[in-house]
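Trainee: Take this structure first; my questions come after.
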Amino acid sequence: MNYKDLADLIFPDAKDIKYYEEKYPERNLKEGAVVTRIAPSPTGVMHMGGIYQALIAKTVARQTEGVFFLRIEDTDQKREVENGTYEIATACETFGVGPDEGRTANDEDRGSYGPYKQSLRKEIYQAYAKYLIEQGKAYPCFCTAEEIEEMRKKQEAAKVRPGYYGVWAKCRTIPIEESMKRIKAGEKFIVRFKSPGREDRKIKHHDIIKGNVTFPENDQDIVIIKADGLPTYHFAHIVDDHLMRTTHVIRADEWLSSVPLHLQLFYEMGFKAPKYAHIAPIMKNDNGNKRKLSKRKDPEAAASYYDKAGIPALAVREYLLNIANSNFENWRRANKDANIEDFDFKLNKMSVSGALFDMVKLLDVSKSVISKYTAEEVYESALNWAQKYDEDLAKTLENKEYALKVFGIERGNKKPRKDIAKWSDVKENIYYMYDEKFEPKYEYQVINEKQDVDTILKEYIENYYDGNDDKQTWFDKIKELSGKLGYAKEVKEFKANPDKYKAHVGDVSTVLRVALTGRTNTPDMYEIMQVLGKERIEARFKLAMK
Ligand code: GLU
Numbered sequence: 048m049n050y051k052d053l054a055d056l057i058f059p060d061a062k063d064i065k066y067y068e069e070k071y072p073e074r075n076l077k078e079g080a081v082v083t084r085i086a087p088s089p090t091g092v093m094h095m096g097g098i099y100q101a102l103i104a105k106t107v108a109r110q111t112e113g114v115f116f117l118r119i120e121d122t123d124q125k126r127e128v129e130n131g132t133y134e135i136a137t138a139c140e141t142f143g144v145g146p147d148e149g150r151t152a153n154d155e156d157r158g159s160y161g162p163y164k165q166s167l168r169k170e171i172y173q174a175y176a177k178y179l180i181e182q183g184k185a186y187p188c189f190c191t192a193e194e195i196e197e198m199r200k201k202q203e204a205a206k207v208r209p210g211y212y213g214v215w216a217k218c219r220t221i222p223i224e225e226s227m228k229r230i231k232a233g234e235k236f237i238v239r240f241k242s243p244g245r246e247d248r249k250i251k252h253h254d255i256i257k258g259n260v261t262f263p264e265n266d267q268d269i270v271i272i273k274a275d276g277l278p279t280y281h282f283a284h285i286v287d288d289h290l291m292r293t294t295h296v297i298r299a300d301e302w303l304s305s306v307p308l309h310l311q312l313f314y315e316m317g318f319k320a321p322k323y324a325h326i327a328p329i330m331k332n333d334n335g336n337k338r339k340l341s342k343r344k345d346p347e348a349a350a351s352y353y354d355k356a357g358i359p360a361l362a363v364r365e366y367l368l369n370i371a372n373s374n375f376e377n378w379r380r381a382n383k384d385a386n387i388e389d390f391d392f393k394l395n396k397m398s399v400s401g402a403l404f405d406m407v408k409l410l411d412v413s414k415s416v417i418s419k420y421t422a423e424e425v426y427e428s429a430l431n432w433a434q435k436y437d438e439d440l441a442k443t444l445e446n447k448e449y450a451l452k453v454f455g456i457e458r459g460n461k462k463p464r465k466d467i468a469k470w471s472d473v474k475e476n477i478y479y480m481y482d483e484k485f486e487p488k489y490e491y492q493v494i495n496e497k498q499d500v501d502t503i504l505k506e507y508i509e510n511y512y513d514g515n516d517d518k519q520t521w522f523d524k525i526k527e528l529s530g531k532l533g534y535a536k537e538v539k540e541f542k543a544n545p546d547k548y549k550a551h552v553g554d555v556s557t558v559l560r561v562a563l564t565g566r567t568n569t570p571d572m573y574e575i576m577q578v579l580g581k582e583r584i585e586a587r588f589k590l591a592m593k
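So the numbering used here is basically just the index in the sequence shown, starting at one, shifted up by 47.
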């Protein structure tokens, strides 16, 4: 009886690993191309951290003309939720971080390194587990949950490290014959890796983000195949990232301490280990305390939040790059109109301790992003959003020709309007341009006497407004009007001689603006008047004079 007999008994149908090695050959990519992936578990809604990882993995793959793929890690079937794969794959697409290959939203495979869902790879893991058993590097373990619990208690009482290692690894020394007899007798078992490590020796490792780290060697005989025949994360990671030819494993830093185990597994399997980059979690400032962005506490942690609020995916991507590499901000300042794809993102410049996520900044970035949209793009995006979340707005936008005029105000020029940060802001920023939505609010600030206001409005529409005027002429006329009615034509003049004037041209403009829009702050009033036209301007003035 030898290891081969034991392996055959445990996995009689498993193929020789040669079969898989040939089926999934080295990828034919150009020199230096990087293969990355995200490997989420379908256990709930997609989290911002997942989008962040996907963006980073996709970015480095794209920079090197490599491949970015999505693998669904569903070996913990107790934790799986319905539609989990759909949620993940759609969230990736929605945020523009969809993979080149992998599991798709309708639960199919795209690419030739699949299946990209671990529960469909059972026989592959078993083939590799068998391979380890054949070499005496893995063994069946018959310990029951009660025995493991008892062992844990003993370790605690003796104040020694917990786990299945050294003298505690009871089943490691069971003779092959006995193991085979027990298996044939139907005794339940799992498969453990036989670790060659020693805790008193150190390994050095270079992580792309965390830098040089030193750990004790792994000496734990971890479970590689569970009672249900599925692998643990550790074993699945080794097999999958080897066979899918991943070159860079970019994952959450909760896995950093598993690196000694993973490197050991790669080594014992005879595979080349990938490079690792461990990303610190996204942090949030909570009343002065820095803590992890939390699924439970922070609505903005859920990927779905952004769709509902109407924050464009491009803005989210730009913001995430912003917190991923601190030099992004300078780059953006120097390259105002460049595509974010042109930014030279560097994995090794990511924060070791966790980037701070700030909604206010994200919305600021979003304002800039939207300010660069054309009127048509704003229209399409706002309409799309409204059709999903705001019926009233969708209805208002039905007249596309008019909506394009409204969205076109102060857009496409050097300093475009920046009043929209999210599609849910659109309403309050355009409704005053619709007569049936316009809500007058007559607070004129400086010039408040009804008679003064009425005189300005009446004089202006009767003697000064002309729809054919260019902007300069239009403004000169407001100055003229101001002069005629005893207001300073220039703010400077007013400041020099405040007693000489009732107020100044800016205050006169405010009267016009408030009467027209109900607001003291709007985009360019000349363009607003152009869109409204004389009749509607007059109607609004009349309303204000009532
Ligand atoms: N399924 C693991 C997780 O969701 C994946 C870690 C990895 O990227 O390797 O944490």
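Note that CB positions come from ideal geometry on N, CA and C, so glycine has one too.
Would you check if the segment 141-158 and the segment 115-126 touch, i.e. whether three or more CB-CB distances between them fall below 8 Å?
Mentor: Contact holds: three or more Cβ-Cβ distances are below 8 Å.
Trainee: Please report the distance separating the alpha-carbon of Pro243 from that of Glu347.
Mentor: Taking the straight line joining both Cα atoms gives about 45 Å.
Trainee: At a cut-off of 6 Å, is Glu483 close to ligand 1 when judged by its beta-carbon and the heavy atoms of the ligand?
Mentor: Because no heavy atom of ligand 1 lies under 6 Å away, the Cβ of Glu483 does not count as near it: no.
Trainee: Quick one: any contact between the segment 529-539 and the segment 552-563, if contact means 3 or more CB pairs under 8 Å?
Mentor: Yes, since at least three Cβ pairs between the segment 529-539 and the segment 552-563 fall closer than 8 Å, the two stretches touch.
Trainee: Closer than 6 Å to a non-hydrogen atom of ligand 1 - does that hold for the CB of Pro87?
Mentor: Answer for Pro87: yes, Cβ within range of ligand 1.
Trainee: For ligand 1, is there any heavy atom lying closer than 6 Å to the beta carbon of Arg298?
Mentor: Yes, the beta carbon of Arg298 sits closer than 6 Å to at least one heavy atom of ligand 1.
Trainee: Does the beta carbon of Glu120 fall short of 6 Å from some heavy atom of ligand 3?
Mentor: Absence of ligand 3 from the depicted structure is noted, with ligand 1 being the only ligands included.
Trainee: Got a sec? Which residues, its chain only, sit under 8 Å from Trp215 by beta carbon, not counting five neighbours each side?
Mentor: Excluding positions up to five away in sequence, the list reads Met198, Gln202.
Trainee: Where DSSP assigns a beta bridge to Cys188, which residues make up the other side?
Mentor: Answer is Ile237, bridged to Cys188.
Trainee: Note down the Cα distance separating Phe454 from Met572, rounded to an integer number of angstroms.
Mentor: Distance between the alpha carbons of Phe454 and Met572 is about 14 Å.
Trainee: To the nearest angstrom, how far is it from the Cα of Ala104 to the Cα of Arg157?
Mentor: Their backbone Cα atoms lie some 18 Å apart in a straight line.
Trainee: At what residue ranges does the segment 283-362 contain a whole run of the alpha helix (DSSP H), taking only runs of 4 or more?
Mentor: Taking only runs of at least 4 residues, the alpha helix (DSSP H) segments lying wholly in the segment 283-362 are 306-316, 351-356.
Trainee: Any heavy atom of ligand 1 closer than 6 Å to the Cβ of His94?
Mentor: No, ligand 1 has no heavy atom inside 6 Å of this Cβ.
Trainee: Can you tell me whether DSSP reads Pro20 as helix, strand or coil?
Mentor: A question about residue 20 goes unanswered here, because the residues of the chain that appear run from 48 up to 593.
Trainee: Our contact map puts Ile271 next to Pro263 with C-beta atoms below 8 Å; I'd like the distance itself, whole angstroms only.
Mentor: Ile271 to Pro263, Cβ: 21 Å. No contact.
Trainee: My guess is that Leu53 and Ile269 are in contact by the Cβ rule of under 8 Å, so how many angstroms apart are they, rounded?
Mentor: Contact flag wrong, Cβ pair sits at about 19 Å.
Trainee: Going by the C-beta, is His284 closer than 6 Å to any heavy atom of ligand 1?
Mentor: Correct: His284 has its Cβ closer than 6 Å to ligand 1.
Trainee: Taking the C-alpha atoms as reference points, what is the distance between Val363 and Trp470?
Mentor: In a straight line, the C-alpha of Val363 is about 14 Å away from that of Trp470.
Trainee: Does the distance from the CB of Ile467 to the CB of Glu574 come in under 7 Å?
Mentor: No.
Trainee: Does the pairing of the segment 285-295 with the segment 351-368 give three or more beta-carbon distances under 8 Å?
Mentor: No: fewer than three Cβ pairs fall under 8 Å.
Trainee: If I measure Cβ to Cβ from Phe318 and keep anything under 6 Å in the same chain, skipping five residues before and after, which residues do I get?
Mentor: Counting only Cβ-Cβ distances below 6 Å, and skipping sequence neighbours, we find His289.
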